[in-house]
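Asks:
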Amino acid sequence: MKDLSKKSLCTLVNGIKKKEFTSEEVTNSYISNSKNAKKLNTYITTNFDKALDQAKNFDKTRNFDGLLSGIPIAVKDLFCTKDIKTTAGSKMLNNFIPTYESTVTSNLWKEGAFLLGKLNCDEFAMGSSNETSFYGNVINPYGDKLIPGGSSGGSASALAASLTPATIGTDTGGSIRQPASFTGTVGLKPTYGRCSRWGIVAFASSLDQAGPMTQNVEDCALLLEAMSSYDPKDSTSVNIQVGNYNKNLNANIKGLKIGIPKEYRVENMPDEIDNLWKKGVEFLKDAGAIIKDITLPHTKYALPSYYIVAPAEASSNLARYDGVKYGHRSKGNNLTEMYENTRSEGFGEEVKRRILIGTYVLSSGYYDAYYIKAQKVRQLIKNDFDKAFKDIDAVLTPSTPSAAFKVGDKKDDPISMYLNDVFTVPVNLAGLPAISVPTGYDKNKLPLGLQIIGKAFDEQTILNLSLAIEKRADFKRKIPQWWK
Amino acid sequence: MSIDKDTVKHISKLARISLDDKKVISLSKNLSSIIEFIEKLNELNTEKIIPLTSIINTSLRTRKDEVNNEKIRDKILKNSPESNEEFFVVPKVIE
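Residue numbers (the numbering used here), protein chains in the order written: chain A, 1 to 484; chain B, 1 to 95.
1. Using a C-beta cutoff of 8 Å, does A/Arg177 count as contacting chain B?
2. Beta carbon of A/Phe149, beta carbon of A/Ser133: below 8 Å?
3. Got a sec: is the Cβ-Cβ distance from B/Asn84 to anything in chain A below 8 Å?
4. Can you name the start and end residues of the beta strand (DSSP E) that A/Phe114 belongs to?
5. Indicate whether A/Met213 and A/Thr172 have their beta-carbon atoms separated by less than 8 Å.
6. By a C-beta neighbour count over all protein chains shown, 10 Å radius and 16 as the cutoff for buried, is A/Pro179 buried or exposed?
7. Please report the distance separating the alpha-carbon of A/Gly306 from that of B/Ser54.
8. In three-state terms, what does DSSP make of A/Gln209?
9. At what residue ranges does the region 122-196 of chain A contain a whole run of the alpha helix (DSSP H), taking only runs of 4 or more?
10. Nearest-angstrom Cα distance between A/Gly66 and A/Asp274?
11. What do you get for B/Val67, buried or exposed, if any count of 16 or more other CB atoms within 10 angstroms of its CB means buried?
12. Rounding to the nearest angstrom, what Cα-Cα distance links A/Lys382 and B/Ile56 in this structure?
13. In angstroms with no decimal places, state the Cα-to-Cα distance between A/Asp368 and A/Gln209.
14. Could you give the distance in angstroms between the alpha-carbon of A/Lys110 and the alpha-carbon of A/Thr167?
15. Which residues in the same chain as A/Ala468 place their Cβ atom closer than 6 Å to its Cβ, once the five residues preceding and following it in sequence are excluded?
16. Helix, strand or coil for A/Tyr326 per DSSP?
17. Do A/Val75 and A/Leu40 have their C-beta atoms closer together than 8 Å?
18. Taking Cβ to Cβ, would you say A/Leu396 is nearer than 8 Å to A/Leu276?
19. Taking A/Ser196 as the query, report the chain B residues whose CB atoms sit under 9 Å from its CB, ordered along the chain.
20. Alpha carbon to alpha carbon, what distance is there between B/Asp6 and A/Lys257?
21. Would you call the CB atoms of A/Ala319 and A/Phe203 closer than 8 Å?
22. Could you work out which residues of chain A lie near B/Val90, taking near to mean beta carbons separated by less than 8 Å?
23. I need the boundaries of the beta strand (DSSP E) containing A/Ala319, first residue and last residue.
24. Need the endpoints of the beta strand (DSSP E) that A/Val437 sits in, please.
25. Assuming A/Tyr336 is part of the alpha helix (DSSP H), what are its boundary residues?
26. Taking the DSSP output, what are the residues bridged to B/Ser80?
27. Here's a check: name, in chain order, each residue in its chain whose Cβ is nearer than 6 Å to the Cβ of A/Arg378, leaving out the five neighbours to either side.
28. Report all residues from its chain with a CB closer than 8 Å to the CB of A/Lys349; omit the five preceding and five following residues, and keep chain order.
29. Quick check: A/Ser466 and A/Ser181, are their CB atoms within less than 8 Å of each other?
30. Are there 16 or more other CB atoms within 10 angstroms of the CB of B/Phe87, so buried, or fewer, so exposed?
31. Check this for me: beta carbons of A/Asp421 and A/Leu284, under 8 Å apart or not?
32. With DSSP as the reference, label A/Lys76 as helix, strand or coil.
33. With B/Leu27 and A/Leu356 assumed to form a contact (beta carbons below 8 Å), what rounded beta-carbon distance in angstroms separates them?
34. Hey, A/His298 and A/Met92 are a contact pair by Cβ (cut 8 Å); roughly how many whole angstroms apart?
35. Give a yes or no on contact between the region 24-31 of chain A and the region 48-61 of chain A, applying the rule of three or more CB pairs nearer than 8 Å.
36. Along the alpha helix (DSSP H) that carries A/Tyr360, what are the first and last residues, could you check?
Laid out in structure tokens, this is it:
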């Protein structure tokens, strides 16, 4: 059997078209890799047999109308898939079979892709290490003791280990960009409203966005184009034409103005991260960009504000899990007891913690002091970006304050876990698009990424800048396949 | 402000999550550290700031109220922990 699993998404699309190999051969490669990677614990549900049928069918009809014709794709188990179990990484949804398909996955299938399986993630996407999943920790291909980041940890790990040619995740506070950075892959959080949220298990609705996770920038542009759409079923979906991100991808970024925010130089940041950031600046200068120092003065308030807004929205979104219409149900002597036991047993520790924080900040007497205060600070953070973007085209920062850490290292200390998202959270609060592009390695040979933040709906510019960095960084994923 | 045990019990009641005493103690510690962390916001004077309620500059749309009958009642009921004919079943509410 040909191993086609090291090829990029774009190479696979073109290769199938040019008859260099078939969709069935491609699909078999990924199924075989996936079956040999149980130690990584990336899949919650597999769809291998159906995927193979779909590949064979494709090879008979060879319909190339779509951008992803003949491509198998595994997706985060937060996207509802019709007639296929969707768990959100929770015991609460261990037996939930949606009767509908999320808009984003529908878009992928319309473009000719088909489902390989559903990937592990932190429970209800709440976590930065994929340690909160009911289905166990996901392991980073870069080391058998390492977390892959979270919450889209299964997606990142499966992608880096060549178990899927590309994947999609969701990002509420960094859940695409942080795991992408920890696995040496590309991850993009689109502008709020670019991708439909319909059919995605909700965490914090004013922050959640789906986005592509890929091997390289070119693939990212293609997948973003395929998954984005205006969707009347999501009232916050924005009716702006989806760009031809792939066709318009261009590493010529001469004259673009790039802001370097001094507030992202945080305390105790390892030198390696600082050096990587400087390297990124040099790459962009070399490509003809103009570098400008900027200030985003309210950056340090982003995380505290996020940890009010996100749990508040989560507590109200997760109120629906009551053991009546779907999901887990525990026994109780009366209705209230049934609710209380269901939610106590169905939710994991981190989810309960966030529901309780959310309930507290929304409760009578505290609403103004916490929730309204956080919404005001969110406005200040947005104003910072609005002001900065008057003079610049994009912002360059590190993606994370460290490389991937060990399983168990931060599990019992929520605050130190939350600090992982210090560079990614402001973007969600401001609704802006941002990408993490792998740029180098730390002293332990673990990958590190840089983040580029763009203006609202200007995904093209951050893709182009990423391409310019990618070409110069010459980052190679070097992963021995120890899990086989 | 710290979250004492009574407050944890109160909010867990509001959130309909049952907790044993051991959990109440550990959560009181956990939640207090999170609240302490988010109270950093009190450093900022936000008196004149209007709270952000929507990140996108569009107003909510209306749509046509169309019947979209996919006849999925049986499938929906299949996801229910307990159902009877075409109803969801819950523990007895009225004596």
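We put the beta carbon where it would ideally sit given N, CA and C, even for glycine.
Replies: Let's see:
1. no
2. Phe is not the amino acid found at residue 149 of chain A; the sequence shown has Gly there. The Cβ-Cβ distance between A/Gly149 and A/Ser133 does not fall below 8 Å.
3. Among the residues facing chain A, B/Asn84 is not included, as its CB has no counterpart in that chain under 8 Å away.
4. 114-119
5. no
6. Here A/Pro179 is buried. Its C-beta has 16 or more other C-beta atoms within 10 Å.
7. The question names Gly, yet the displayed sequence has Tyr at residue 306 of chain A. Roughly 15 Å between the two C-alpha positions.
8. strand
9. 153-160, 177-183
10. 42 Å
11. exposed
12. Taking the straight line joining both Cα atoms gives about 11 Å.
13. 27 Å
14. 16 Å
15. Ala251, Ile253, Ala287
16. coil
17. no
18. no
19. Simply none; closest approach about 13 Å.
20. 54 Å
21. no
22. Val324, Leu335, Met338
23. Run containing A/Ala319: none; DSSP gives neither H nor E here.
24. Here the beta strand (DSSP E) through A/Val437 covers 434-441.
25. Note on identity: in this sequence residue 336 of chain A is Thr, with Tyr being the wrong assignment. From DSSP, the alpha helix (DSSP H) with A/Thr336 extends over 335-346.
26. DSSP lists no bridge partner for B/Ser80.
27. Ser305, Leu429
28. Just to set this straight, residue 349 of chain A is Glu in the shown sequence, not Lys. So the qualifying residues of the chain are Thr132.
29. no
30. exposed
31. no
32. strand
33. 7 Å
34. Between A/Met92 and A/His298 the Cβ distance is about 35 Å, and since that is not below 8 Å, they are no contact.
35. Verdict: yes, contact present.
36. 349-362
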